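Numbered per our numbering, the sequence shown spans residues 22 to 685.
Even glycine gets a Cβ: it sits at the ideal position worked out from N, Cα and C.
Please read these numbers as outputs of a predicted model, since none were measured by experiment.
Remarks on the structure that follows.
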Amino acid sequence: MRRNPTHFISILSFFCSSILLSQSYARWTPELFLTSFPRVGGVAVSHDGTRVAYTVSTPNMEDEKSEFVTHIWVASTDGKVNRQFTYGEKSCTNPSFSPDGKYLAFTSSRGSDGKSQVWIIRTDGGEAEQVTTAKSGVGSYKWSRDGHRFAYTMTEPESEKEEKDKKEKRDFRVLDAHWKFAHLYTVSVEKPDTGERKVQRLTSGDFHVTSFNWSPDGKTIVFAHQVTPSADVWTTSDISLVPSDSGAVTSLIRQHGSDAQPLFTPDGKAIAYVSQGGMTTWAGAAYIYIVPASGGASRRLAATPGEQPGLIGWTDGGKSLYFAETDHTVGRVYSISVASGPATIVTTGNGTYGNASLSSDGATMALTHQTTETPPEVFVTGKRFAPRKISDVHASAPRLTFGSTEVVSWTSKDGLAVEGLLTYPVGYRNGTRVPLIVNIHGGPAGVFAQSFTGAGSIYPLQAFAQEGYAILRPNPRGSGGYGTKFRTANLNDWGFGDYDDIMAGVDKVIGMGVAHADSLVVCGWSYGGFMTSMIITKTNRFKAAAVGAGVTNLVSMTHTTDIPSFIPYYFGGEMWERTELYEKSSAMYGIHNATTPTLVLHGQLDDRVPTSQGTELYVALKRKGVPTEMITYPRTPHGPQEPKFIQDIGERMIEWFNKHLRRK
């Protein structure tokens, strides 16, 4: 039989096109959201600026496993080398180069004791060696400037009596009576031919070390500390000094409010730190200060744009300081002069820069960058900002079509300017009205920034977009990224002004011709769960809701949470002093109005927003006859940690929303 070559070519062309189309149009799902885009972070540049270590985290969901495993990669700043450096079933995190560049340190629980310890491995290859044998594991660590010692924190282990009581079932707990404080230790890097490495405890007493920094000469360590390990007392932290060869602690900064992030200047004569300036506040302004290392009066630098700076390190020999802040929806790096003048933007463009690390001279910076449609990768730049990508973590990611994301702005009911991020459905056609998911962030001082929408969140945004949803992520009053005035505009006003901001955003998207007014659903986690629960008691515009770890009753929440000063700060007084206001801002006191089918999601080990908050909402809705389901997740604190649970949350939400919009 004679073959038709044209027919053969057309078949081949169709076959190849089908392959290309299948590669180009893989379908977003909650599982793909988790498995196809590893998390990138933990950036550490070498002291000479020639190499960068970074971490890559991937989910392991095979058989009985449900965990993220993290390993370290090392790339040269010239882009010629990029390779995985650690392997194995146990995670390796917190990489840090020795000052001479010969070793890479990291923390891992790969040892026989199963505790997080400091390990070192030669940068030219070889086997990793365990350095610390901290009984309860290492919290954080840092090389001394000469590379001969590590300083590290360790939480006090159980005493012999406590271990005995546990075995004998006498291990009752007296609240607030037996804190386990983290304290400072040093250990020699070099192991003697005989015996163990020298370990020295530097601090002791009733305080909890939260961060620290070596002096350039290695003689002193400056550290921040708070009165207990409780998450409730970070707003009252102080700063002290301790010699690295003894335990004589000297107070440097002691006042009301948070004083944190201490950082020696390159010459060791002064210390930079971030302070609330003597004010005890959860959402108020924080500033950069400089204080002589010998003690004395502090000097405040110019206010940063967002008044919530995160210090990175020094440049120009200590004349300038780098810091990170969110500017509206963009994560930026700034520089500020120690002498005078306002901060200046270092990074350019949109997206989010983060995880910044500096070489010793401040001339080389390594950091991650991501946009809404570009996953995070590691970049390096000199003093003149010109970032070059040196990682290629997502080279094998599937080819996918994204729902595009843009910044949208609107005016709230009282005239306040508000903005947020709007993600369109995959393959969206202009002029088409689609169902809208309103996703509300936590905090309330959180912020939706221009980060990658294909991974890294509790919510699988692109899987929602693949299902045909648009997603609005508003930054209502109380959000970070817009300055102190905006961040504190919700004091004494949860569930009202912020509600107006969110609903005005919904109307904006409807007015754009994007959202269908009869196909609205709403969700959020933590404070986002609070707002979601409030919304279903204030309007019936939404066809379905999903409340994640949400505060539903401020009256019962405030004295059962692990941060009992949090709500009184926002509401100007204790529950018994402001009972009417607490009730007014609680969904449970307006639950008689709720008719929206609501999915309730909560971790069983949530100390921040106790599981009972979700249970109150679920039981009330069920008794009212409102369609509701509640799912609790074992081993889970305030946010899901296990990838199988994260996948389940995404799949359940899609099913719940589709069901109540009668879409599938």
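Status (buried if at least 16 other CB within 10 Å, exposed otherwise) for residue i
i: Gln483; result: buried
i: Gln625; result: exposed
i: His390; result: buried
i: Glu83; result: exposed
i: Gly463; result: buried
i: Asn561; result: exposed
i: Pro655; result: exposed
i: Ala323; result: exposed
i: Phe707; result: In the structure displayed, the chain extends from 22 to 685; residue 707 sits before or after that span and is not available.
i: Arg613; result: According to the sequence displayed, residue 613 carries His and not Arg. Exposed: under 16 other Cβ atoms inside 10 Å.
i: Thr271; result: exposed
i: Glu637; result: buried
i: Met533; result: exposed
i: Thr600; result: exposed
Beta-carbon gap between residue i and residue j smaller than 8 Å
i: His623; j: Gly635; result: yes
i: His659; j: Asp627; result: yes
i: Leu205; j: Phe171; result: no
i: Lys410; j: Phe423; result: no
i: Ser356; j: Thr365; result: yes
i: Gly268; j: Ser225; result: yes
i: Val295; j: Ala306; result: no
i: Arg320; j: Tyr310; result: yes
i: His537; j: Pro456; result: yes
i: Thr653; j: Ile557; result: no
i: Ala314; j: Lys290; result: yes
i: Val630; j: Ser412; result: no
i: Thr241; j: Pro264; result: yes
i: Met552; j: Gly502; result: no
i: Ser378; j: Ala126; result: no
For residue i, three-class secondary structure by DSSP
i: Lys182; result: helix
i: Val428; result: strand
i: Asp240; result: Just to set this straight, residue 240 is Lys in the shown sequence, not Asp. Reduced to three states, the DSSP call for Lys240 is coil.
i: Ile30; result: Because Ile30 sits at a pLDDT of 33, beneath the cut-off of 50, its placement in the model cannot be relied upon, and the point is left open.
i: Phe686; result: Absent from the structure is residue 686, since the part of the chain shown begins at 22 and ends at 685.
i: Met533; result: coil
i: Met596; result: coil
i: Gly17; result: This structure leaves residue 17 out entirely; the chain is present only between 22 and 685.
i: Thr56; result: helix
i: Gln297; result: coil
i: Asn614; result: helix
i: Gln471; result: coil
i: Trp140; result: strand
i: Leu622; result: strand
i: Glu148; result: coil
Limits of the alpha helix (DSSP H) - the one that residue i falls within
i: Ser633; result: Thr632 to Lys645
i: Thr558; result: Tyr548 to Lys559
i: Thr505; result: Thr505 to Arg508
i: Phe202; result: Where Phe202 is concerned, there is no enclosing alpha helix (DSSP H), given that its DSSP letter is neither H nor E.
i: Phe485; result: Leu482 to Gln487
Residue i - containing beta strand (DSSP E), residue span
i: Phe678; result: Taken as a continuous stretch (DSSP letters only), Phe678 belongs to no beta strand (DSSP E), being part of the alpha helix (DSSP H) at Pro664 to His681.
i: Met175; result: Arg170 to Thr176
i: Leu273; result: Thr271 to Ile274
i: Val66; result: Arg60 to Val66
i: Pro495; result: Ala491 to Asn496
i: Arg104; result: Asn103 to Gln105
i: Pro648; result: Unbroken run through Pro648: none, as it is neither H nor E.
i: Ala281; result: Asp280 to Phe285
i: Lys564; result: Phe563 to Gly569
i: Phe89; result: Glu88 to Ser97
i: Met386; result: Met386 to Gln391
Contacting residues, own chain, Cβ-Cβ under 8 Å from residue i (five flanking each side not counted)
i: Lys187; result: Glu179
i: Gly299; result: Gln276, His277 and Gly278
i: Thr174; result: Val159, Gly160, Ser161, Tyr162, Ala203, His204, Leu205, Tyr206, Val230 and Phe233
i: Phe406; result: Val367, Thr368 and Thr369
i: Thr432; result: Ala438, Val439 and Ala525
6 Å Cβ shell around residue i - same chain, five flanking residues per side excluded
i: Ser425; result: Tyr445
i: Ser57; result: Ala418 and Pro419
i: Asp528; result: none
i: Gly475; result: Phe58 and Gln483
i: Glu604; result: Tyr610
i: Val447; result: Thr422, Gly424, Ala486 and Gln487
Contacting residues, own chain, Cβ-Cβ under 7 Å from residue i (five flanking each side not counted)
i: Pro497; result: Val439, Asp519, Asp522 and Ile523
i: Asn513; result: Phe592, Gly593 and Leu602
i: Arg48; result: Gln487
i: Gly338; result: Pro287
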